[in-house]
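A short worksheet on the structure shown next.
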Amino acid sequence: MSDCLIPSDAASATIPIYGVRPAEAETTAARLCAGGEVYAAGCLRAQRFEGAAGSLAVLPGDNGAPSAVLFGLGAGPADPLAAGALATGLPPGDYALAEGFDDPAAAVIAFALGAYRFTRYKAGKPRDVRLAVPAGVDGDDVLRIVAGVYLARDLINTPPNDMGPEELASAALDLAARHDAAIEIVVGDDLLAQGFPLVHAVGAGSPRAPRLIDMRWGAPSHPRVTLVGKGVCFDTGGLDIKPSSGMLLMKKDMGGAANVLGLAHMIMDAKLPVNLRVIVPAVENAVSGTSFRPSDVYPSRKGLTVEIGNTDAEGRLVLADALALACEEKPDLLIDLATLTGAARVAVGPDLPPFYTDDEALAADLGRLSMEVGDPVWRLPLWRPYARWLDSKVADINNNSAAPFAGSVTAALFLARFVEGAGAWVHFDIYGWAPQSRPGRVEGGEAQSIRALYALLKERLAAGTLTGALGGSRQGAR
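With the numbering used here, letter number 32 in the sequence shown gets 241, and the count goes up by one each step, no holes.
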């Protein structure tokens, strides 16, 4: 059990939390306060509590200690992560959800996500606010979701001196050992020998050797689900170097890899009936005499030649080889996550990762489930006419668009050239970072889209529709 969560029968006494709408606040307080209606109204006024979303009021008992808590749900649709405010707003104690929460499991997850702290380099205070997992809630599933998110956040928050390609591979090895998964790691010049020239090219400028991580788990007879995550452990921009301000958050450029490892933990811990494969190209995009250059041309695993229009568009290069590898086994569902473009942030901001797919049913299910679990994503179009902006005069494709428009779309179109044979493919252009703390979201590295994807897999597998709903024509290069 996470140190912020306790089993419902583990605490000798818990303080109940009541979720209330504004119209219910005073009547609920009066029912709970021994002092009666006038006393209860005074307690609420003193704490300026009117039931607004995310607000809370502590009701004292006869001894002055908290006897109950009112948590405001607001008048409109509830934010699925609103209960994350409880983790930082409550006084010390053990608490339990009493009534008013339509989805207790979601509230517990939100609380735990709001309780996250990164303490590797700076010790935190002992945990003094804990929430009991209610009876009837699948505590094991709550814990695996929280653990997957915490894993992704921890990996992203780790500074690049302690999170290079080797350390990212070590994290994958640890995860594989925990779940008895098979794993292979290709290192350095062996990438050339085994057919990953783009991964090698991007990592060649760093003394920290690049890697290709390939993890497998599950029965071969089960539907094939492959996860690919961008693992650029630090991105200087290469010879097309970023300004210093542009490098400040570049430890998060392995956020795609961190998120697929977090999702893989959820899948394996739940023992979902899938044939899972996780592929992570892990590199550092550094500046040196061996860095790849603008105007260089490289082969790719798929056989397409790639002209380097910009060395700061390196993520799509390493993903190209990884996606080509993934497609060689024709997975039923191919998912890639990457902190790929700044253009995605301009389009939809930091909270809303755009995703791209040609599968209409998959897009609809992802949009619906992402809102239900409070892990929002938004579909953008794979607009094929923009692919002309990736044309090259000397190679099959350029890694940099010739036009200043639709940068997230053209990045997705670049990746699409390396996807062929998958039952369905979906690409997420995530930010991987929370710019500021809000309920359920702690400033720093962030898990994005993986709770929605986990919900999608569970729903479709339970219905027996993972392959059926994704069937039909397989994804093509154009």
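Note that beta-carbon positions come from the ideal geometry of N, C-alpha and C, so glycine has one too.
Inter-segment contact for the region 587-598 and the region 610-622 is present: three or more beta-carbon pairs are separated by less than 8 Å.
Counting along the chain, the unbroken alpha helix (DSSP H) around arginine 660 starts and ends at 659-672. Between the beta-carbon of leucine 665 and that of leucine 575 there is about 6 Å, and that keeps the pair under the 8 Å contact cut.
Restricted to the region 295-371, the beta strand (DSSP E) segments that are unbroken, complete and at least 3 residues in length are 302-308 and 338-342, listed in chain order. Linking arginine 230 to leucine 253 through their CA atoms gives a straight-line distance of about 14 Å.
The way I'd put it, the region 392-409 does touch the region 421-441; three or more beta-carbon pairs between them come closer than 8 Å. Counting the other Cβ atoms within 10 Å of the Cβ of serine 430 gives fewer than 16, which makes it exposed.
Between alanine 381 and threonine 514, the gap from beta carbon to beta carbon reaches 8 Å or more. When the beta-carbon positions are compared, isoleucine 517 and serine 504 come within less than 8 Å of each other. If you draw a 10 Å sphere on the C-beta of proline 368, you find fewer than 16 other C-beta atoms in it, and that means exposed.
Minimum Cα-Cα distance from alanine 219 among the listed residues Ala341, Leu470 and Gly251 corresponds to Ala341.
Using a Cβ distance threshold of 8 Å, valine 278 and leucine 306 do not count as a contacting pair.
Remark: C-beta atoms of leucine 290 and proline 559 do not approach each other more closely than 8 Å.
By the Cβ rule, the region 524-538 does not count as touching the region 453-461, because fewer than three pairs are nearer than 8 Å. For proline 301, same chain residues with a beta-carbon under 7 Å away, outside a window of 5 residues either side, are Asp337 and Val338 in chain order. In the three-state DSSP reduction, asparagine 494 falls in the strand class (E or B). Annotated three-state conformation of aspartate 478 is helix, per DSSP.
For the pair alanine 239 and glutamate 233, the Cα-to-Cα distance works out to about 10 Å. For serine 379, the enclosing alpha helix (DSSP H) begins and ends at 374-388.
Between aspartate 478 and histidine 388, the C-beta gap is smaller than 8 Å, which places the two residues in contact. Here leucine 578 carries a helix assignment [DSSP, helix/strand/coil]. Restricting attention to Val351, Asp363 and Thr297, the CA atom closest to the CA of arginine 329 is found in Asp363. The alpha-carbon of alanine 553 is positioned some 7 Å away from that of aspartate 638. Remark: C-beta atoms of threonine 223 and tyrosine 304 approach each other more closely than 8 Å. Threonine 445 counts as buried, since at least 16 other C-beta atoms from the protein chains shown sit within 10 angstroms of its C-beta. By the 16-neighbour rule on beta-carbons within 10 angstroms, phenylalanine 280 is buried.
In the structure shown, glycine 440 falls within a strand segment according to DSSP collapsed to helix, strand and coil. For the region 540-576, the full-length beta strand (DSSP E) segments reaching 3 residues or more read 542-547 and 563-565 along the chain. Taking the C-beta atoms as reference points, alanine 402 is found no nearer than 8 Å to lysine 439. A buried status is given to lysine 511, since no fewer than 16 other beta-carbon atoms sit within 10 Å of its beta-carbon. It is roughly 11 Å from the alpha-carbon of alanine 596 to the alpha-carbon of asparagine 609. Sequence-distant Cβ neighbours of leucine 400 in its own chain, meaning closer than 7 Å and more than five residues away, are Val408, His409, Pro419 and Leu421. A distance below 7 Å between beta-carbons, with the five flanking residues on each side excluded, links alanine 296 to the following residues of its chain, in chain order: Cys213, Phe320, Gly323, Ala324 and Val338. At a cut-off of 3 residues, the continuous stretches assigned as beta strand (DSSP E) that sit fully inside the region 239-292 are 265-269 and 275-281. DSSP, read as helix, strand or coil, puts proline 648 in coil. A direct Cα-to-Cα measurement between serine 497 and glycine 641 gives close to 27 Å.
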